Structures are given as C-alpha cells and as structure tokens.
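In the working numbering, the protein residues as written are 117 to 712. Built from N, CA and C at the ideal position, the CB exists for glycine as well. Here the structure is a predicted model, which means the values were calculated and not measured. Have a look at the structure below, then the notes.
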Amino acid sequence: MAHPASRYHRRVLRELACFIILPCIVTQQLLRWSSISIGALTVPTYIAGVALWIAINRIYSTCVQALDRRRKGARSIPCVKGRLPGNIDILFRMMKDFKTSYVLDVYLRLFKEYNTKTLNLRILWVDSIITMDQEHSKFILAAGFHNFWRGPAQKERMETFLGEGIFNRDDESWKAHRAVARPFFARDRISDLDTFARYTQRTLDILADSASKNEPVDVQDLFSRFTLDATSEFLFGSTFETLSGMRPVAGSATMGPKGAAAADPFGSFVQAFEEAQVTCTKRARIGHFWPLFELSGDANSENAEHIRRWLDPLVEHALRNKAQRKGIDSPLAERNFLEHLAQSTDDPIVIRDQLLSMLLAARDTTACLLTYVVYLLALHPDILAKLRAETLGVCGPNSSPSPENLRSLKYARAVINETLRLFPPVPLNVRATRDASCAFPFSDTAHGPVNTLHDSRPLYIPKCTTVLYLPLLTQRDPELWGQDADVFDPDRWLDDRLARFVHNPAMFAPFSAGPRVCIGQNYAYNQATFFLVKLLQRFDTFTLAPEVQPAGSLPPEEWKDREGRQRYERIWPSNAMTLYIKGGLWVRISSSQPRH
C-alpha cells in the first residue's frame, strides 16, 4: 500500500501539472505551429501562458458559478480583496499573525474589516468560506446537514493521525461508527461515578501536596493526566497511570506542543499526541497545497507510530480475549468500550482509530474545560466563593456527590456553561460542500458591505468548497449575547438573559449540534461537575503564578491595545484542533479552611 505522504504529493503534482506543465506544452505547440521565434523571451512567454491558462480557468469557473447562482436566486458571499494575485498577501499576513495573535482574532479582524460575519477568503483562487454567523452555523450543522461533509481535503490532512476514526469519516462509515459507540454512552454508563472518584482523589492529593509547599502547579498538565487516566479506564478497563509520572516543574518547565513539556514516558506519548494535532492545524491554515511543505515526508508519520505503540497492544489484547471466549458475548453493562468495539469488528485498525478518536474527545475537551474553569475562578474570587457555597450547601464538606446532587448544582452548571461559551474546547470546525452547490439562508445578522445591507437573497456556496465555522466567535458575539459578551458572568444562565438562548439554541453549541452532536456531552458534564465539587470541598483559593510560566507563553504586550478579552487576558489561549493554554496554566491552590 502506498505511503499516505506519497499519495498527497502525487495529488499536488497532478494539479500542478494541470496548471503549469500542460499550459507550457500548449504554449510550445502554438509557438511551433505559428513559427514565431521568441529567443530570449522563452521563459516570460511560458509564464504568460501559465497565467493565461489560470485566467481562463478562473473565468470559466466564475461564469459557471454565476449561472448556478442566478438559478438559485442567490448572491455571492463577500470576498476578501488582497493586493497580490490569488490573495497571496492575505495568506502570508494570516500565517504571520497566527503566531502572535489572540485565538481566532485573525478571522475576527477580517469580519470587522469587511463588516460581515461570513466571508470568502479565496486564497490562490480557491473558494474558502469562513463564518461566525449563528444562522449559517446552524445551517451547516442541522438544517442543511445533507449539503456538507468532512470531505476529502480534511480526511487527507488527518488520515495519518485519526485514520478510520469517527471524526475522520462521513456517510455510512460515520453512521456505523456512531451506531456502535452510542449504546456505550447510555445514561447508566455515564453516571458511573466510582471511576471519577478514584482518579479525582489522586489528583486532589497531588494538588494538596503542592499547596502544602506553596508551589505552583500546572493544572492544565495535571487535568490532562486526570482525564486520560479516568478516560482510559472507562474506555479500556485499564489505565495509563499518568498521574504517577513526572510532571512539569515550576520555574524550569519548557514549552510543549500544547502546554508545558514533561519528561516522563507519558510526556513522550502526549507530545506525539499533541504534535499530531498541531500538524493537522498547520496543514489547514496552509490550505490546499500543504503537501508542498512536507516534501521530505509525512510530518505526522512518526507521531502516529508513537501513538500506535501505546494503543496497538491494548487492541491486540482485546481481540485475543474475544477469540478465547469463542463467540460468547458479555452483556453491554459489563464491557468496557474497547471490548464493546471488539464485539463489533475484528479489524484492529478500525478499533484502534475509533479508540483514538474517543480518547481525543474525552481527554482533551474535559481537560480543557476544567483548566479554563480554574483560570476564570482565579480571576473572579467572588464567583469562586458563590460556587463553593452552593457546593458545600448541596454536597457538604466531604461527601461524594450523587447523580441527584449533580443535577441540583444549578450555579455549577451555569459556571460550566459560561466557561464553555467563552472557551469552547473546539473553537472552530471545518466542513465542505459536496458535489453540488448550496446557499446559506438569509440572516439579518450576517451583514455585508453597505451596498448589500438590504439584499435578502441567500448566500451562494460553490460545490466542493471548504467552510470554516467559528463557535468561539459566535458565542462571544455582542449582537447575540449583549455588550458584555466578553465578560465571564455565570448569572446570564440563571436570570432573564437566559431567554436569548432558549429562543435561539444555535447561539451556544460547544458540543456541536444536529446529527453529529457529541454523544459524550453528558459524560463530560458529569465528569467536570463531579471533579469541581471535590475540588471546591478541599480548596477555596486559586491564584495565578505568571512568574513561572515558560518563556514565551505570556500574552504579548500589543494585546492590551486591542479589543475584546485579549486586552485583559492573563494567559495565552491557542488552538490546535482543541483549545489549550500556551505553556500550561500555573496556579497556586490553597485552602483557608481546615478540613473536617
């Protein structure tokens, strides 16, 4: 079987041949037939031939789209206009700004510049749509779901990493993966709090040890270990034991791919796990021709190999156990997720890739949520005090919360929702139109340039077009959430402002929506709420420790002169498939109250 990288390179070479080699051959033949001698102008003539070929293709494509757009009664999406052909200057500007900008601010500035919430970047003459409009996001995820899919471009970028997993598949393959996974996340399974309790206690003991020494701890790293250990037992029936490993040390930690680096075996695993995500994100930012930047080989092959060295033995063990049972199936309630997968297929690659997808979803998203909750509580001690008062009032100072207790914690749910609103673990996502065009419905919030403000026609999307939608920007949109949209205020989920969300649920979708809505969202809510209860029973003070953040991980000074949260943000939020904090979140945690 061909190496994935070679397939990607062949794809790019075929396309370059169509746009460079073929027009050069045509130009050469035309010159030969016409007997024109161009001498020293040979190279410029060929360049002109290539430019003419590209122009003809663009004119043809534009005409075809115009006819199709007219038939649909739609109008064009406002297009970014750069100074150089193919908006190449826009691409270079964006790539430069991504290195130092606040998360998704590169896109937000474009929306403000063009006074719209949906734009066509059209980099290198390829249509590429970005949107923060909640009506358009809703169309992608729900009402117009059948018009979109992950598409071949996204699968290509992630194939080496996620392979056959549910996040990298469409149509029947995706439905089959989802049908297998859904029963395991039934209500009686997600309310299993014994596993949460065991790993929560180990995590809190580590925090208590740091608190006794007044030492800062990187809670992003610690929560990643907690969620990985708890999730691995939930999924595999065994744990990676990462909480026992060496953690980043305050004052000497260096930057890892998505946080602070650790030197233990788990550190090497998570580095590969996170490097793979960073690579996928870089490819998406570069766009269609990303393989040209990986000519020496697939940048994710080594990361994927390292990850598989951890997961493959687990899969092989599960398949051996299945064979030894000789077709005797245990009840679903008695299986872990790996055993459940092994009952559905004998293909170790499918099992491994599905397992990896679930590990990514459960580990990264819940760890991200807990990290940002602690960050926001450190910034808002009044909210921390109110949350702790509710926790102690419902659950007492020591008792483990029951499922009924978790449902009673209304303010805790508001804190979690408000954190998810400001810092959704998946701040952006990608879809592509299928082999047919479609149109976004008219949205009175998706303003365009002045001359189109009163144009109520839908917005035309060509076939096979990448569409990037941005939940983080939608969930901070002042037109939806009010002028205090950037403010952390859990009470907005409890007072009359909640009516905005009740009447328009599409404005808040941290777990996605529609047919691809996250099947593990209740699992995440239960895990996060349980952990917060136990955390607040034991500690009442969180203080940021910026002095031990790794070099280069604090917000740049220029952020203070910009709009939005970045003016006063104390950490550097960033994104590589999921949200994280550069250099980790270093916090001193303590308790002013004696334990009972």
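Can you tell me the Cα-Cα spacing of Asp600 and Thr590, whole angstroms? Numbered from its first residue, the sequence shown carries residue 600 at position 484. Numbered from its first residue, the sequence shown carries residue 590 at position 474. Here the alpha carbon of Asp600 sits roughly 14 Å from the alpha carbon of Thr590.
Within the same chain, show all residues whose beta-carbon is closer than 7 Å to that of Asn203, passing over the 5 residues directly before and after it, in chain order. Against the sequence shown, residue 203 aligns to sequence position 87. Answer for Asn203: Val196, Leu237, Arg238, Ile239, listed in chain order.
Meets three-Cβ-pair contact criterion under 8 Å: the stretch 359 to 370 and the stretch 460 to 472: no
At what residue ranges does the stretch 665 to 704 contain a whole run of the beta strand (DSSP E), taking only runs of 3 or more? 689 to 692, 694 to 697
Do you know how far the Cα of Val633 is from the Cα of Phe627? Counting from one through the sequence shown, the residue named residue 627 turns up at place 511. Counting from one through the sequence shown, the residue named residue 633 turns up at place 517. If you take the alpha carbons of Phe627 and Val633, they lie about 6 Å apart.
For the stretch 482 to 502 and the stretch 450 to 464, state whether three or more C-beta atom pairs, one from each stretch, are separated by less than 8 Å. no
CB-CB length for Tyr576 against Arg187, believed under 8 Å: Counting from 1 along the sequence shown, the entry for residue 576 is found at position 460. Counting from 1 along the sequence shown, the entry for residue 187 is found at position 71. Going by Cβ atoms, the distance from Tyr576 to Arg187 rounds to 10 Å, so no, they are not a contact pair.
Bridge partners for Thr234 per DSSP, in chain order? Here the question's residue 234 lines up with position 118 in the sequence shown. Paired residues: Thr247.
Given this structure, state the Cα-to-Cα distance separating Ile136 from Ile170, to the nearest angstrom. For the purposes of this step, residue 136 is identified with residue 20 of the sequence shown, where counting begins at 1. For the purposes of this step, residue 170 is identified with residue 54 of the sequence shown, where counting begins at 1. Cα to Cα, Ile136 sits roughly 9 Å from Ile170.
Pick from Ser253, Glu432, Pro671, Asn533 that is closest to Glu714, judged by C-alpha positions: In the structure as shown, the chain starts at 117 and stops at 712, and residue 714 therefore has no counterpart that could be examined.
Paired residues, beta bridge with Cys511 - DSSP: Looking up residue 511 in the sequence shown gives position 395. According to DSSP, Cys511 bridges with nothing at all.
Which class does Ala156 belong to by DSSP, given the choice of helix, strand or coil? One-based indexing of the sequence shown puts residue 156 at position 40. Annotation note: pLDDT 43 at Ala156 (below 50); position unreliable, coordinate value reported separately. It is helical.
I believe Met623 touches Gln270 by the beta-carbon criterion, under 8 Å. Please report the beta-carbon distance rounded to the nearest angstrom. By 1-based counting over the sequence shown, the position of residue 623 is 507. By 1-based counting over the sequence shown, the position of residue 270 is 154. No, Met623 and Gln270 are not in contact; Cβ-Cβ is about 25 Å, not under 8 Å.
Please report how far the alpha carbon of Gln440 lies from the alpha carbon of Glu432, in whole angstroms. Locating residue 440 in the sequence shown gives position 324, where the first residue counts as 1. Locating residue 432 in the sequence shown gives position 316, where the first residue counts as 1. Answer to the nearest angstrom: the Cα atoms are 12 Å apart.
Could you compute how far the alpha carbon of Thr481 sits from the alpha carbon of Asp571? Here the question's residue 481 lines up with position 365 in the sequence shown. Here the question's residue 571 lines up with position 455 in the sequence shown. The alpha-carbon atoms of Thr481 and Asp571 are separated by roughly 40 Å.
May I ask you to list the residues that DSSP assigns as paired with Phe264? Taking the first residue of the sequence shown as position 1, residue 264 is located at position 148. Bridge partners of Phe264: Thr549.
With 16 other CB atoms within 10 Å as the buried threshold, where does Glu674 fall? In the sequence shown, the residue the question calls residue 674 occupies position 558. Around the beta carbon of Glu674, fewer than 16 other beta carbons lie within 10 angstroms, which makes this residue exposed.
Just verifying my parser: in three-state terms, what is the DSSP assignment at Met362? Translated into positions along the sequence shown, residue 362 becomes position 246. Here Met362 sits in coil by DSSP.
Residue from Arg654, Leu168, Gly598, Trp688 whose Cα sits closest to the Cα of Ser706: Taking the first residue of the sequence shown as position 1, residue 706 is located at position 590. Closest option to Ser706, Cα to Cα, is Arg654.
What residue does the beta strand (DSSP E) around Val583 start on, and which one ends it? Locating residue 583 in the sequence shown gives position 467, where the first residue counts as 1. Counting along the chain, the beta strand (DSSP E) containing Val583 begins and ends at 582 to 585.
Measure the Cβ-Cβ separation of Val394 and Ser340 and say whether it is below 8 Å. Reading the sequence shown from its first residue, position 278 is the one you call residue 394. Reading the sequence shown from its first residue, position 224 is the one you call residue 340. No, Cβ-Cβ distance for Val394 and Ser340 is not below 8 Å.
So, for Val649: in the same chain, excluding its five sequence neighbours on each side, which residues have a beta-carbon less than 6 Å away from its beta-carbon? In the sequence shown, counting from the first residue as 1, residue 649 sits at position 533. Taken in chain order, the residues that qualify are Thr507, Cys511, Pro517.
Distance check for Ala182 and Phe264, CA to CA, integer angstroms please. Taking the first residue of the sequence shown as position 1, residue 264 is located at position 148. Taking the first residue of the sequence shown as position 1, residue 182 is located at position 66. Between Phe264 and Ala182, the C-alpha separation is close to 21 Å.
Who are Tyr576's beta bridge partners in DSSP? Within the sequence shown, the letter at position 460 stands for residue 576. Bridge partners of Tyr576: Ser192, Ala555.
Between the Cα of Tyr491 and the Cα atoms of Gly598, Pro513, Leu536, Leu522, which residue gives the shortest distance? As a first step, residue 491 must be located in the sequence shown, where it is residue number 375. Comparing Cα-Cα distances from Tyr491 to each of Gly598, Pro513, Leu536, Leu522, the minimum goes to Leu536.
Taking 8 Å as the threshold, find out whether the stretch 330 to 338 comes into contact with the stretch 695 to 702 through three or more Cβ pairs. Counting C-beta pairs with one atom in each stretch, the stretch 330 to 338 and the stretch 695 to 702 have three or more that are closer than 8 Å, which means they touch.
On the premise that Val128 lies in contact with Pro407, defined as a C-beta separation below 8 Å, what is that separation, rounded to the nearest angstrom? Here residue 407 refers to the residue found at position 291 of the sequence shown. Here residue 128 refers to the residue found at position 12 of the sequence shown. At roughly 5 Å, the Cβ-Cβ gap stays under 8 Å, so Pro407 and Val128 are in contact.
Ala388 versus Ala420 - alpha carbon distance: Sequence index remark: in the sequence shown, residue 388 carries index 272 (1-based). Sequence index remark: in the sequence shown, residue 420 carries index 304 (1-based). Spanning the two alpha carbons is a distance of roughly 7 Å.
Tell me the rounded alpha-carbon separation between Glu410 and Ser417. On the sequence shown, position 294 is the one that residue 410 refers to. On the sequence shown, position 301 is the one that residue 417 refers to. Between Glu410 and Ser417, the C-alpha separation is close to 11 Å.
Own chain partners of Asn521 with C-beta closer than 6 Å, once the 5 adjacent residues on each side are dropped: Here the question's residue 521 lines up with position 405 in the sequence shown. The answer, listed in chain order, is Val510, Cys511.
Mind checking which residues open and close the beta strand (DSSP E) that includes Thr461? Your numbering for residue 461 matches position 345 in the sequence shown. Here Thr461 belongs to no beta strand (DSSP E), and DSSP marks it neither H nor E.
If you compare alpha carbons, which of Phe646, Ser690, Asn691 is closest to Thr316? Here residue 316 refers to the residue found at position 200 when the sequence shown is read from its first residue. Nearest option by C-alpha distance: Phe646.
Measure the CB-CB distance between Pro543 and Leu220 and report whether it falls below 8 Å. As a first step, residue 543 must be located in the sequence shown, where it is residue number 427. As a first step, residue 220 must be located in the sequence shown, where it is residue number 104. The answer is yes: Cβ separation under 8 Å.
Rounded distance between the beta-carbons of Leu235 and Pro201, thought under 8 Å: The sequence position of residue 201 within the sequence shown is 85, counting from 1. The sequence position of residue 235 within the sequence shown is 119, counting from 1. With 8 Å as the limit, Pro201 and Leu235 do not qualify as a contact, their Cβ atoms being about 19 Å apart.
To the nearest angstrom, report how far apart Asp287 and Ala548 are at their CA atoms. Along the sequence shown, one-based indexing puts residue 287 at 171. Along the sequence shown, one-based indexing puts residue 548 at 432. Taking the straight line joining both Cα atoms gives about 13 Å.
If you draw a straight line from the C-alpha of Pro332 to the C-alpha of Ser326, how long is it? Taking the first residue of the sequence shown as 1, we reach residue 332 at position 216. Taking the first residue of the sequence shown as 1, we reach residue 326 at position 210. Their backbone Cα atoms lie some 7 Å apart in a straight line.
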